[in-house]
Structure formats: structure tokens, C-alpha cells
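Trainee: Got a structure for you, questions after.
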Amino acid sequence: MKKIILCLSLFILANQLVLAQNSSEEQQIIELSNKKWEWMAAKDTAKLSDLFHDKSVFVHMGGAWGKEREVNIIAGGGIWYKKADIHEVSVEIIENTAILLSRITLLAEVGGNEVTNPFMVTEVYIKMDGDWKMGSLSFTKLNSPG
């Protein structure tokens, strides 16, 4: 039991050190990205519409389009982002622009078929009037999960 508590304590400490290495603004972007995956899984198009900039672009394996089509696809179930397992994440902030890269395994339902794919996802956020808006979301399929 002592070993389990010690291991758990070390795990929590390691996570806190990793989080401390990110600036508060970088951490804010990571948390916003995590919420976005939750909203996508829940098909919460109201929150997603608020997050997506009106001129945002989305790049998928099947093409590229803007905010209105992305929201409609999510609302209609054309793509249901069921679960994103995030393996790695990094954030770079350049003035009012944040670029988040994440390596994920995505469980989704596309056209009624459940699929799992490894992706490198690029998310671009722009800070406008104190709020972060998503300007771009791009999926690059990886040849292998690792």
C-alpha cells in the first residue's frame, strides 16, 4: 500500500512539474483545446460556434472547409468526434497567435462508420479582445500510432 501511495504521489508531482513548465497562457490554450474535444464529442455546436472564428478553416482527410460547414457536419452527425486520446501536446505563442500541436488517436464516427486514426493535429488560436478564437484546425494522418 505504501508503494502505491508513493507511486501516486510521484505521478502527481511529475504532472505538476510538467504543468509548471508551461506558461499560464500556454496552459490556457491546452485547457481550451481539451474542452474543444469534449464539446466535439458532445456535439455542443453552440460552444464550438463561439470558439470558432467566423473565418476559421478546417482541414480533414476528405477536404477543407469553413466554420459553417464544420458546425453543420458536427450537428448533423457527418463526423462525430467520439474520443480523442491525446498522447503529446505542445504550444507555441507568437504575439496574439497560439499554435498547438497534438499527437492523438481519434475515435470517430464518419458517415455512420466507426473509425480510429492516429493524427497530428494543428490548432491555431488568435487572441481577440482578450478571448482566444480558433482560426484553424488541421488533421494530418500519421502512418503509425507511435
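What the sequence shown shows, in mature numbering (1 follows the signal peptide of the UniProt record, and there is no 0), is residues -20 to -1, 1 to 126, in sequence order.
Note that beta-carbon positions come from the ideal geometry of N, C-alpha and C, so glycine has one too.
Do VAL101 and SER118 have their beta-carbon atoms positioned less than 9 Å apart in this structure?
Mentor: Yes, these two residues count as a Cβ contact at 9 Å.
Trainee: Does SER3 come out as helix, strand or coil in the three-state DSSP assignment?
Mentor: Of the three classes helix, strand and coil, the one that applies to SER3 here is coil, per DSSP.
Trainee: May I ask which residues mark the beginning and end of the beta strand (DSSP E) holding residue 127?
Mentor: The requested residue 127 does not occur in the structure, where the chain is confined to residues -20 to 126.
Trainee: How far does the beta strand (DSSP E) with LEU81 in it reach, from first residue to last?
Mentor: LEU81 -> beta strand (DSSP E) spans 77 to 90.
Trainee: For the structure I just gave you, are there three or more beta carbon pairs, one from the segment 36 to 48 and one from the segment 72 to 79, closer than 8 Å?
Mentor: Result no; under three Cβ-Cβ pairs closer than 8 Å.
Trainee: Got a sec, what are the start and stop residues for the alpha helix (DSSP H) ASP111 sits in?
Mentor: No alpha helix (DSSP H) holds ASP111; the beta strand (DSSP E) holding it covers 111 to 121.
Trainee: Could you tell me the distance, in whole angstroms, from the CA atom of GLY57 to the CA atom of VAL90?
Mentor: So the two alpha carbons sit approximately 8 Å from each other.
Trainee: Exposed or buried, which one is ALA64 when buried takes at least 16 other CB atoms within 10 Å?
Mentor: Its Cβ being crowded by 16 or more others within 10 Å, ALA64 is buried.
Trainee: SER29 and LEU80: beta carbons closer than 9 Å?
Mentor: The answer is no: Cβ separation not under 9 Å.
Trainee: Applying the 10 Å Cβ sphere with the 16-neighbour rule, what's the burial state of ALA44?
Mentor: So ALA44 counts as exposed.
Trainee: What number of angstroms, rounded off, separates the C-alpha of SER4 from the C-alpha of TRP60?
Mentor: Answer to the nearest angstrom: the Cα atoms are 31 Å apart.
Trainee: Would the beta-carbon of ILE66 fall within 9 Å of that of TRP17?
Mentor: Yes; because the gap between Cβ atoms is below 9 Å, this pair is in contact.
Trainee: Which first and last residues belong to the beta strand (DSSP E) in which ASP34 is found?
Mentor: Residues 32 to 40.
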